[in-house]
Amino acid sequence: MKSDTLFFLMVGFVGNHAVGSSLSALQVPAKVSSAFASKRVLPVLHFSTVESLNTSPKILRKMMTVSPRKARQLRAHSDVEESTANYMAASEKEAELLKLCAYTGRGTAAAADEKAKVDGVVEALESIDERNGANEKNLMMNGNWKLVYASEDVTRSSPFFWAFRKATKGIFQPLPILPSQLAEAVFAITDGIPFAKKGQATQRIELDSSGDGFLISMVEVELSVFDVLLPPQTGFITTTSKIEAGTALGSSLLTVQTTQIKDSSWEKIPILATSVKNSVFPSNEAFERVAQGSSEVEMRTTYLSDELRIVRNEAGSAFVFQRVLY
């Protein structure tokens, strides 16, 4: 493998190590108007579409003895009641989840019981989303998102690492003190690098109505190599992936394209100056050389609202993103 290829693969790893700072707890601004509360109007729910829902026996008995028009009104009334309950439950769970994410520093400082509590709230939201089909709304995914929680290292939110894990699947290393899988062994080593500190991890998504488009993942990395001579230097490890709609509900197929360092001052570090400046690493070609098809990975959107987006990768890891307006 050429030196540039090795450099960018290692940059990807370095870009995903060090603990980020805790995020401020944010309140979900969802409120129900007095008109909504008194059921004088039919609300438009921000996180879901109203699907065919089970109707209570009481409503069914009324529908059997009234005109078709009145029956439709009764059914709509039943739908609104259940949708309202789901809306309120989701709003409460979103607020709870954001507080937990901030308290645990995106999950990096979470104890086992705290992780279990976060997982429970995530699964509750995923259950609500499954009932209401919000993940069918491809256009709701568009925009800028910041990572607020990860069930594994926060840098694994980048599709680059999903593809790396897939490319090296089945490749083992011999050292007994490290995980046997090559990818996990490399992650274990690079997660412990002391001079790299990660900041924000963000994603930008642009899709059309069919679910096709692109995703740009950025991880802010601060390097402190020569503190005596240079202040810490910052760069954004940026991976661009193509998105295509998957066959399953909420599924998207990501094809990792390129990786580069943007908005960087890393070139001030002598050993990185040549490799960093104006360099674009062909991630797609590199992964395909290792294992054909490894540059394509699946992203499942398991919960989606105006405020939050929960996704899982092929390993089942959960990543919670909050929408950023700028």
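Numbered according to my numbering, the sequence shown spans residues 3 to 328.
Yeah, the Cβ is synthetic: ideal placement off N, Cα and C, and Gly gets one too.
According to DSSP, residues forming a beta bridge with residue i
i, result
"G237", "V223"
"Y305", "I312"
"T242", "I218, T260"
"F197", "Answer is none; F197 lacks a bridge partner."
"Q183", "F174"
"V282", "Q262"
"R291", "Answer is none; R291 lacks a bridge partner."
"A118", "A118 pairs with nothing; no bridge assigned."
"R325", "W147"
"A247", "S254"
When the options are compared against residue i, the one with the closest alpha-carbon
i, options, result
"G213", "V282, E246, A293", "E246"
"S243", "Q202, A113, F163, I179", "F163"
"S254", "Q262, I263, E316", "E316"
"G295", "S281, F283, L256", "L256"
"P196", "E224, D131, E208", "E224"
"L141", "R311, G318, V322, A320", "R311"
"Q259", "L217, V123, S129, Y89", "L217"
"G107", "Y89, D155, V123", "D155"
"A152", "R325, A320, T241, T304", "A320"
"T241", "L232, E309, V322, S159", "S159"
"G145", "L306, L184, F189", "L306"
"V292", "L99, P161, V124, R167", "R167"
"V120", "I130, A91, K95", "K95"
"S211", "V124, M143, P234", "M143"
"A118", "L99, A92, P234", "L99"
Per-residue DSSP class, three states only, for residue i
i, result
"S296", "coil"
"R311", "strand"
"T204", "strand"
"F166", "helix"
"G213", "coil"
"T106", "coil"
"S254", "strand"
"G145", "strand"
"K101", "helix"
"A87", "helix"
"L127", "helix"
"A190", "helix"
"L55", "Because the pLDDT at L55 is just 41, under 50, the model does not fix this residue reliably, and the value given afterwards should be weighed accordingly. It is coil, neither helix nor strand."
"A320", "strand"
"A152", "strand"
Beta-carbon spacing of residue i, residue j below 9 Å
i, j, result
"I191", "W147", "no"
"A126", "S285", "no"
"T236", "D193", "no"
"L180", "E186", "yes"
"M300", "G248", "Inspection of the sequence shows that residue 300 is occupied by Glu rather than by Met. Yes, the Cβ-Cβ distance between E300 and G248 is below 9 Å."
"T157", "A203", "yes"
"K199", "V221", "no"
"V322", "V150", "yes"
"A250", "R302", "yes"
Any contact of the segment 89-104 with the segment 169-181, i.e. 3+ C-beta pairs under 8 Å? As far as the Cβ criterion goes, the segment 89-104 does not touch the segment 169-181, which means the pair count is below three.
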